[in-house]
Amino acid sequence: MSPSAMDRLLPLLAAAPRQFYRLVLVVGASGAGKTATLRALGEHLGVGVVNLGLRLSERLLDVPVRYRPVEVLGLLDDILATSDGDLPVLLDNTEILFELALEQQPLQVLQRLSRNRTVVATWSGVVQGGRLTYAPVGHPARREYAVDNLLLISLPGE
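The numbering used here puts the sequence shown at residues -18 to 139.
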């Protein structure tokens, strides 16, 4: 992680416990360094990084397709239940939350997970004009949210 990314991330991490949603997003396009940033933060804090895409997809394999949208939140709770409640949970590869078949609202899912624990999560997208986006205009998985009250750092693209 570049010193500037760490310099921007650590104050947000310190502020997170005072927020209703204790969520910090590391936003950037593919190749911007989100995973490296999360790994460096994990080393700094002494915690591991959860590969959310891998962990959730493994658990969804045993769930019939039509029940997957209903089971996602419970499975996510199970995945995070093993973490130490006093330390932040670091979530990487969160793109699975945007999978249309799962019928989820990714930001709301991450906010729910961060209600009682600090969560630092990667977000593949950009922050532009006060909006947090995922996927380009016209893409079926596109999501767009106002950045008001969100704790985030935006990493420059490639």
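All residues carry an ideal CB built from backbone N, CA and C; glycine is no exception.
Below 8 Å on the Cβ atoms is my guess for Thr103 versus Leu(-10); work out the distance and round it to an integer in Å. At roughly 12 Å, the Cβ-Cβ gap does not stay under 8 Å, so Thr103 and Leu(-10) are not in contact.
Range of the contiguous beta strand (DSSP E) that encloses Gln85: Unbroken run through Gln85: none, as it is neither H nor E.
When you compare only the Cα positions, how much space is there between Ser38 and Ser(-15)? Going by the C-alpha atoms only, they are around 33 Å apart.
The alpha helix (DSSP H) with Leu113 in it runs from where to where? Element bounds for Leu113: not the alpha helix (DSSP H) but the beta strand (DSSP E), Arg112 to Tyr115.
Could you check where the beta strand (DSSP E) with Ala102 kicks off and where it finishes? For Ala102, the uninterrupted beta strand (DSSP E) segment begins and ends at Val100 to Ser105.
Would you check if the distance between the CB atom of Leu71 and the CB atom of Leu6 is smaller than 9 Å? No, Cβ-Cβ distance for Leu71 and Leu6 is not below 9 Å.
Where does the unbroken alpha helix (DSSP H) through Leu56 begin, and where does it stop? Secondary structure note for Leu56: its alpha helix (DSSP H) is the uninterrupted segment Arg49 to Ala62.
Take the Cβ of Ser11 as the centre, count every other Cβ of all protein chains shown within 10 Å, and call the residue buried at 16 or more, exposed below. Under the 10 Å beta carbon count, Ser11 is surrounded by fewer than 16 other beta carbons and is classified as exposed.
Under the three-state reduction of DSSP, which class applies to Ala127: helix, strand or coil? In this structure, DSSP gives Ala127 an extended state, which the three-state scheme calls strand.
Quick check: does the Cβ of Arg93 come within less than 8 Å of any heavy atom belonging to the ligand SAM? What this structure holds is no ligand at all, so the ligand SAM is not there to describe.
By DSSP, does Ser(-15) sit in helix, in strand, or in coil? Residue state, collapsed to three classes: helix.
Considering Leu41, what are the terminal residues of the alpha helix (DSSP H) in which it resides? Unbroken alpha helix (DSSP H) run through Leu41: Leu33 to Leu41.
What are the boundary residues of the alpha helix (DSSP H) that includes Gly23? Boundaries of the alpha helix (DSSP H) around Gly23: Lys15 to Leu26.
Helix, strand or coil: which one does DSSP assign to Val46? Note: Val46 maps to helix in three-state DSSP.
N-terminal and C-terminal residue of the beta strand (DSSP E) that Ser95 is part of: Here Ser95 belongs to no beta strand (DSSP E), and DSSP marks it neither H nor E.
Tell me whether Leu(-9) sits in a helix, a strand or coil according to DSSP, three-state version. When secondary structure is reduced to three states using DSSP, Leu(-9) falls in the helix class.
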